[in-house]
Amino acid sequence: MSAFFKKMKGGSQSPPGVGFSEIAWSWLGAFLGITPVALLQYNFFPDGDLVFLIGSFGASAVLIYGAVRSPLAQPRNLVGGHVISAVIGVAAWQVLGSAPWLAAAFAVATAIAAMHVTKTLHPPGGATALIAVIGSEKIHSLGFLYVLFPVLTGVVIMLIVALVVNNIAGSRKFPEFWW
Amino acid sequence: MKFSALNECRQTISDEDIVVAMKKIPGYLDITPSDFMEIYRVAFDHALHRLKHAITAEQIMTRQVATVPENALLVEVVRLLADHDISGMPVIRPDRTIAGVISEKDFLSKMGGGESPSFMHVILQCLEKTGCIAADIKKLTAKDIMSSPAVTISGTMPLFEVAEIMDRHNINRVPVIDEAGRLAGIVARSDLIQTMC
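Same order as they appear, the protein sequences are chains A and B. Here the working numbering is used: the first residue of the first sequence is 1, the next is one more, and so on. Here the working numbering is used: the first residue of the second sequence is 180, the next is one more, and so on.
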């Protein structure tokens with residue numbers, strides 16, 4: 001029992017912070033990455049039934065523009081994690097939608113498991129699965145189209161921006177691996 | 180050099196080293212120093228294990244070995260050692276089995292070096308007493324002063340065991356023998372260092 005609580009003490013050192021240029025590149029990358037997706041959402045299709053911008057993209061931006069080297073931020077994880085989680089989220093809503101609490105919990109938990117199995121763990125994928133359940137009527141009415149719009153479209157746009165911005169930065173290289 | 184000390188090498192890396200390295204590498208590393216330490220430890224042990232078993236004595240041994248017969252006069256032995264610029268060599272019987280090993284150490288101890296012979300011990304002997312005793316050994320042969328029986332190894336012995344044997348017996352070279360006990364090659368300390376570093 002004491003071993004159980006002892007684990008909670010931590011005891012390991014926190015990693016060092018990053019320098020100014022790293023912060024600047026993270027900011028620029030995220031700004032340029034979210035911009036086109038947000039423009040699609042607000043300027044090109046303001047009144048349509050389509051959704052382009054979802055909350056989990058903000059989380060992806062942290063990884064692919066802010067923690068470029070992380071295994072969680074690589075293309076396989078970014079694309080695979082979102083797409084797989086989106087499918088699971090939509091399915092969870094359609095099957096378990098009558099019990100939203102169950103659909104929500106099941107979607108996130110299953111998304112994590114599926115991402116582990118497929119070696120595509122990408123934390124924002126959990127949010128993508130959850131959004132398919134707790135999202136607006138607009139999201140629900142998309143059905144499995146949700147996987148393509150907004151998820152895959154946004155992810156691909158953000159990936160392209162990451163490839164450009166992260167490789168212009170002298171201190172960065174992206175990706176570490178593709179597959 | 181204590182080869183067994185290599186096992187402790189990894190203990191010398193500190194948390195501070197890792198944090199400094201993480202600072203030096205540009206970009207945010209999605210890893211804690213203790214994660215790195217754990218990876219490093221496991222990887223180091225793995226590498227050590229690999230080195231311990233991957234390379235064997237016969238892969239690095241010298242096959243052209245300078246040798247002397249048992250009845251060689253010491254002056255011949257010394258000439259050979261000097262010509263080859265080596266400090267020791269196997270003494271072999273006519274069938275190429277190993278009778279012993281003769282090295283600087285054997286000369287030094289014979290010339291008054293005592294228990295743990297060194298060049299300085301011999302010099303001390305010369306200065307403290309009336310003269311040097313090299314003259315006494317002129318008539319001796321390799322067999323008279325060689326270390327025997329020799330420590331030998333088989334060609335399939337992994338490098339790290341070779342290193343341990345050298346440490347344990349405090350020797351600088353060890354003859355490699357084939358199944359019939361005949362000389363096949365020799366591994367010197369310097370061969371080990373070249374291979375491992």
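Glycine included, C-beta positions come from ideal geometry on N, C-alpha and C.
- By alpha-carbon distance to leucine 159(A), the top candidate from Gln74(A), Ser70(A), His122(A) and Asn43(A) is Gln74(A).
- For the pair phenylalanine 149(A) and valine 165(A), the Cα-to-Cα distance works out to about 24 Å.
- Taken atom to atom, the span from the alpha-carbon of alanine 59(A) to that of histidine 225(B) is near 36 Å.
- Setting aside the 5 residues that flank it on each side, glutamate 237(B) is surrounded in the same chain by Gly334, Thr335, Val355, Ala363 and Gly364, each with a C-beta closer than 8 Å to its C-beta; the list follows chain order.
- For alanine 367(B), the pairing in a beta bridge is given by DSSP as Arg352(B).
- For glutamate 22(A), the residues of chain B that pass the 7 Å Cβ criterion are Pro205, Gly206 and Tyr207, in the order they occur in the chain.
- The Cβ neighbour count for alanine 114(A), taken over all protein chains shown within 10 Å, is at least 16; the residue is labelled buried.
- At least one CB atom of chain A sits nearer than 7 Å to the CB of threonine 211(B).
- Residue contact check for glutamine 74(A) against chain B: no CB pair falls below 7 Å.
- The contact set of valine 68(A) on chain B, defined by CB atoms closer than 9 Å, consists of Gly206 and Tyr207 in chain order.
- In the DSSP assignment, methionine 290(B) falls outside any beta strand (DSSP E), carrying neither H nor E.
- By the beta-carbon neighbour count (other beta carbons within 10 angstroms, threshold 16), threonine 235(B) is buried.
- Counted as a single uninterrupted DSSP element, the alpha helix (DSSP H) harbouring glycine 81(A) occupies residues 75-96.
- DSSP, reduced to helix, strand and coil, places valine 280(B) within a strand of the structure shown.
- Three or more Cβ pairs drawn from the stretch 277-289 of chain B and the stretch 316-326 of chain B lie within less than 8 Å of each other, which places the two stretches in contact.
- With a minimum length of 4 residues, the unbroken runs of alpha helix (DSSP H) contained wholly in the stretch 207-261 of chain B fall at 212-233 and 236-239.
- By the criterion of at least three beta-carbon pairs nearer than 8 Å, the stretch 70-90 of chain A is in contact with the stretch 103-122 of chain A.
- For serine 60(A), there are no C-beta contacts with chain B under 7 Å, since the nearest C-beta of that chain is about 14 Å from it.
- Note that the C-beta distance between leucine 252(B) and threonine 320(B) is below 7 Å.
- The bridge partners DSSP lists for leucine 362(B) are Ile356(B).
- Excluding five sequence positions before and after aspartate 209(B), none of the CB atoms of its chain fall closer than 8 Å to its own CB.
- Gly11, Ser12, Gln13, Ser14, Pro15, Pro16, Gly17, Val18, Gly19, Ser21 and Glu22: these are the residues of the stretch 1-22 of chain A whose beta carbon lies less than 9 Å from some beta carbon of chain B, given in chain order.
- At the C-beta level, serine 12(A) and threonine 211(B) come within 7 Å of one another.
- Counting only Cβ-Cβ distances below 8 Å, serine 171(A) has contacts in chain B at Pro205 and Gly206, in chain order.
- From the listed residues Pro273(B), Gly267(B), Asp262(B) and Phe215(B), the smallest Cα separation to phenylalanine 286(B) is found for Gly267(B).
- The straight-line gap separating the alpha-carbon atoms of isoleucine 192(B) and isoleucine 112(A) is approximately 35 Å.
- Cβ-Cβ separation between valine 151(A) and alanine 86(A): approximately 4 Å, consistent with a contact (criterion under 8 Å).
- Closest in alpha carbon position to leucine 130(A), among Val51(A), Leu102(A), Trp178(A) and Met8(A), is Leu102(A).
- Taken through DSSP and simplified to helix, strand or coil, glycine 267(B) comes out as strand.
- Residue contact with chain A for valine 257(B): absent (no Cβ-Cβ distance below 7 Å to any residue of chain A).
- About 6 Å separates the CB atoms of glycine 89(A) and threonine 128(A); that is less than 8 Å, so the two are in contact.
- Under DSSP, the beta-bridge partners assigned to proline 337(B) are Thr235(B).
- Here threonine 320(B) is bridged, per DSSP, to Leu252(B).
- Distance from the CA atom of leucine 260(B) to the CA atom of alanine 329(B), rounded to whole angstroms, is 18 Å.
- For glycine 10(A), there is no enclosing alpha helix (DSSP H), as DSSP marks it with neither H nor E.
- At a cut-off of 7 Å between beta-carbon atoms, methionine 201(B) makes contact with chain A.
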